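One structure below.
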Amino acid sequence: MPPRESPLERAAFRWSAVAATGGTLLALLLVWRGAGVAGLAHLGSAAATSILLFGKFVIFLGLHEDYPLSPAVLALLVWMIDVLIAFALASGLERLERAPLLGRWLRRARLRALAVLREYPGLERMAFFGVACFVMLPLAGTGAISGSFAARLVGLRRIPGVLAIVLGSAGTAASFLLLALFLGEQAEELARSPVLIGGTLVGLVVAGWIAWRRITRRLRAR
């Protein structure tokens, strides 16, 4: 259980939440001024697709030439969603868990977070950076929602917990964006030489798998 917050920490959390909400509203206003209601509709559709179906993989939709949003915009969108989720859950996890429908979903997320922390005790030992890794690494049952429970389970106060989730989500979104930009830049070359680009992608996947194995081995160490 996280330690009790001081009045200064509570005020800092409230103002940080206000700033995050204000930044989101400003971003929506800029989209509305630049693309009108249609732009907001596309943004809302992408947000729903990310939350309900594809998660951060929605970033790759921006590679389609007919899709109205770029990978960079989609990466920013999924990161902002995680930021708002982190603040919303940090504001009242216990009360939200008692909600009729949402509560059941959140209780499952808490159990998933607990299972991951038990399987990878290294995450709990690192606390702040452990929660950031929890959100960033492609582990089953991770993300901003389960990350919020992980932050609570390892004893982080609300502000450090939210910051860890924001950091981890930014790392994932940036990684997906860089991969999407690489694929976009190599699209023409891929059409000309699929074997060369395919071999490059396979090499990247193998290197990533090796790094992933080493990281998870260390995180499982007790």
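Okay, so the sequence shown: first residue is 31 according to my numbering, each after it adds one.
All C-beta atoms, glycine included, are put in the ideal place defined by N, C-alpha and C.
Source: prediction; values computed, not measured.
Here V192 really is in contact with A116; their C-beta atoms are around 5 Å apart, less than 8 Å. Residues of the same chain with a CB within less than 8 Å of the CB of G152, apart from the 5 flanking positions on each side, are G160, R248, L249, R250, A251 in chain order. Inside the segment 155–186, DSSP marks whole alpha helix (DSSP H) runs of 4 or more residues at positions 158–166, 174–183, from first to last along the chain.
Between the alpha carbons of R188 and R128 lies a distance of about 20 Å. Per the C-alpha coordinates, the member of I89, I81, S178, M110 positioned closest to F212 is I89. Membership of F117 in the alpha helix (DSSP H) is indicated by the continuous run 101–127. In the structure shown, R40 adopts helical secondary structure according to DSSP, grouped into three states. Distance from A120 to F158 at the Cβ level is roughly 14 Å; contact not present, criterion being Cβ atoms closer than 8 Å. Per the coordinates, the alpha-carbon of L207 lies some 15 Å from the alpha-carbon of L197. As the crow flies, the alpha-carbon of G214 is around 26 Å from that of L60. Here S176 is buried, its C-beta having at least 16 other C-beta atoms within 10 Å. Per DSSP, V146 is one residue of the alpha helix (DSSP H) stretching across 132–149.
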